[in-house]
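Heads up, the sequence shown is in our numbering, so the first residue is 68 and it goes up one at a time. The C-beta atom is built at its ideal place from N, Cα and C for all residues, glycine as well. I have placed the structure first, in the form of structure tokens, so that the comments after it can refer back to it.
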Amino acid sequence: MAFFNIALAPGDGIGPEVFEEALKVLHSIERLYSHEFSLKEVLVGGASIDETGVALTDEVLDTAIASNAVLFGAVGGPKWDNPSASVRPEQAILGLRKGLGLFANLRPVRVNPIMFEDSALKREVLEGTDLVVVRELTGGVYFGRPQKRWTNSRGRQAVDTVRYSEKEFERILRVGFELARSRRKKVTSVDKANILETSRLWREIATEISEDYPDVEVEHLLVDACAMHLIRRPADFDVIVTENLFGDILTDEASMLAGSMGMLPSASLGRRRKNGTGLGLYEPIHGTAPDIVGQGLANPLAMILSVALMLRYSLGLESEAEAVEVAVEKVIADGYRTADIAGGVQSKVVSTSQMGSLVDEKIELARKK
């Protein structure tokens, strides 16, 4: 038996809905593999603003620091969507990433052949797509200073600052190269070196680090070209590594390869132990989807697959992680779809809770495989 502390941060919008389905799976893993998960739910985002006046309290951050892992839903919504507000729900996720030292975000994108007909892209474009985007998470424009607005005689003004250090670039690039060594040994380094000074530094450091990995092929792409090639030739990519803003945009685009943002999990990681585990934050890449809250339309698969990433990267439970992923594949193979991925004529459309229960039912079968 293994014991783990897990902080639960459902957040806002559809966050609590998809969270409920992920917990079904987590409880089954706990029972079937004789583990003990100590779960503590915390308020973040808009829910925390309503209760405490801030998106992330010191107490919640302390709870996260003391945990083995954090499961995170989504934050934000129209209620708190005031551009001039000094307190915003998104400060919760940014604060957790920074406070926990989670500098590397991994977003795997694998297109299940069973879902080729459910995608907006042609089968021949999608075939063989299996990539991971490694995104720098605690630097760049999201954290740079100054960041402010003001008004003068020329009207309203605003500034955001992109700042990076050599150390920040080096550590995230090494994550990408090390990951590539365990996959197909190819790194695509993405920047905007024709325009931005930070990107020129990025490319310089990426080139230097590549010399330490002679077994890994490296290519450099401008971010706009990468965006185009993700749609034209996604199967050519193995590991894409890039800075914060570019990674945020590219991974949302890449989600469409898998059919929906509701299919893509993510892992935010910091320093790792020798066995590869360590504190991490796990979340679906989708937002709060306020237009479908409470309607049973949300896709819980990205949240459930985020549980699998947590089991693998923070808890070191590889067999358990594979059981969750196999269970998801079995449900998809059986033709079940939530509304966002129901494109094929054979799709059996189910609700959020039904999809979660279907995956949960497959966990024990997956364990016996």
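Supposed close pair Leu324, Val178 - CB separation, criterion 8 angstroms: Indexing the sequence shown from 1 puts residue 324 at position 257. Indexing the sequence shown from 1 puts residue 178 at position 111. Leu324 to Val178, Cβ: 5 angstroms. Contact.
Arg250, enclosing alpha helix (DSSP H) - first and last residue: Taking the first residue of the sequence shown as position 1, residue 250 is located at position 183. Taken as a continuous stretch (DSSP letters only), Arg250 belongs to no alpha helix (DSSP H), as it is neither H nor E.
Exposure of Leu163, with buried meaning 16 or more beta-carbon neighbours within 10 Å: To locate residue 163, count along the sequence shown from 1; it is residue 96. Per the 10 Å Cβ criterion, buried.
Nonlocal neighbours in the same chain, by C-beta distance under 6 angstroms from Ala225, ignoring five residues either side: On the sequence shown, position 158 is the one that residue 225 refers to. Within the same chain, Ala225 has close Cβ partners Arg216.
Closer than 7 angstroms: Gly80 CB and nearest the ligand MN heavy atom: The ligand MN is not part of the structure shown, which contains no ligands of any sort.
Span of the alpha helix (DSSP H), counted from its first residue to its last, around Asp291: For the purposes of this step, residue 291 is identified with residue 224 of the sequence shown, where counting begins at 1. Run containing Asp291: Val290 to Arg299, per the alpha helix (DSSP H) assignment.
Beta-carbon gap between Thr196 and Pro301 smaller than 8 angstroms: To locate residue 196, count along the sequence shown from 1; it is residue 129. To locate residue 301, count along the sequence shown from 1; it is residue 234. Yes, the Cβ-Cβ distance between Thr196 and Pro301 is below 8 angstroms.
Distance CB(Ser115)-CB(Thr124) smaller than 8 angstroms: Sequence index remark: in the sequence shown, residue 115 carries index 48 (1-based). Sequence index remark: in the sequence shown, residue 124 carries index 57 (1-based). Yes, the Cβ-Cβ distance between Ser115 and Thr124 is below 8 angstroms.
Alpha carbon of Arg238 to alpha carbon of Pro213, nearest angstrom: Within the sequence shown, residue 238 is the residue found at index 171, counting from 1. Within the sequence shown, residue 213 is the residue found at index 146, counting from 1. Computed Cα separation, rounded: 24 angstroms.
Per-residue burial, Val154 [other beta carbons within 10 Å of its own, 16 or more giving buried]: Here the question's residue 154 lines up with position 87 in the sequence shown. It is exposed - the Cβ of Val154 has fewer than 16 other Cβ atoms within 10 Å.
Residue environment, Met422, which counts as buried when at least 16 other CB atoms sit within 10 Å: Residue numbering aside, residue 422 sits at position 355 when the sequence shown is read from its first letter. Per the 10 Å Cβ criterion, buried.
Residue of Glu245, Ser249, Leu288 and Leu425 minimising C-alpha distance to Ile276: The residue labelled residue 276 in the question sits at position 209 within the sequence shown. Considering only alpha carbons, the answer is Glu245.
Beta-bridge partners of Phe437, as assigned by DSSP: Residue 437 lies beyond the range of the chain shown here (68 to 436); nothing can be said about it.
Beta-carbon gap between Arg299 and His287 smaller than 8 angstroms: For this step, residue 299 is matched to residue 232 along the sequence shown. For this step, residue 287 is matched to residue 220 along the sequence shown. Going by C-beta atoms, Arg299 is not nearer than 8 angstroms to His287.
C-beta atoms of Val201 and Val308 nearer than 8 angstroms: Here residue 201 refers to the residue found at position 134 when the sequence shown is read from its first residue. Here residue 308 refers to the residue found at position 241 when the sequence shown is read from its first residue. Their beta carbons are under 8 angstroms apart, which means Val201 touches Val308 by this criterion.
Close-in-space but distant-in-sequence residues of the same chain around Pro357 (CB under 7 angstroms, 5 per side omitted): Counted from its first residue, the sequence shown places residue 357 at position 290. Cβ within range, chain order: Gly80, Gly144 and Pro145.
Exposure label - Ile262; buried when at least 16 CB within 10 Å: Translated into positions along the sequence shown, residue 262 becomes position 195. Within 10 angstroms of the beta-carbon of Ile262 lie fewer than 16 other beta-carbons, which makes it exposed.
Alpha helix (DSSP H) segment containing Leu312, residue limits: To locate residue 312, count along the sequence shown from 1; it is residue 245. The continuous alpha helix (DSSP H) containing Leu312 extends over residues Asn311 to Ser322.
C-alpha distance - Gly207 paired with Ala171, whole-angstrom precision: Taking the first residue of the sequence shown as position 1, residue 207 is located at position 140. Taking the first residue of the sequence shown as position 1, residue 171 is located at position 104. Cα to Cα, the separation comes out at about 13 angstroms.
Beta-carbon proximity check, Val111 vs Gly78, cutoff 8 angstroms: Your numbering for residue 111 matches position 44 in the sequence shown. Your numbering for residue 78 matches position 11 in the sequence shown. Cβ distance < 8 angstroms, so Val111 and Gly78 count as in contact.
In DSSP terms, what Tyr403 is bridged to: The count along the sequence shown starts at 1 and reaches residue 403 at position 336. Looking at the DSSP assignment, Tyr403 forms a beta bridge with Lys415.
For Lys215, the three-state DSSP class (helix, strand or coil): Within the sequence shown, residue 215 is the residue found at index 148, counting from 1. Reduced to three states, the DSSP call for Lys215 is strand.
Own chain partners of Asp427 with C-beta closer than 6 angstroms, once the 5 adjacent residues on each side are dropped: For this step, residue 427 is matched to residue 360 along the sequence shown. If we look at Asp427 and ignore the five residues flanking it on each side, its Cβ neighbours are Lys91, Val92 and Ser95.
Reference Leu312, options Asp258, Glu278, Lys165 and Lys341, closest by Cα: Position 245 of the sequence shown holds residue 312. Nearest C-alpha to Leu312: Asp258.
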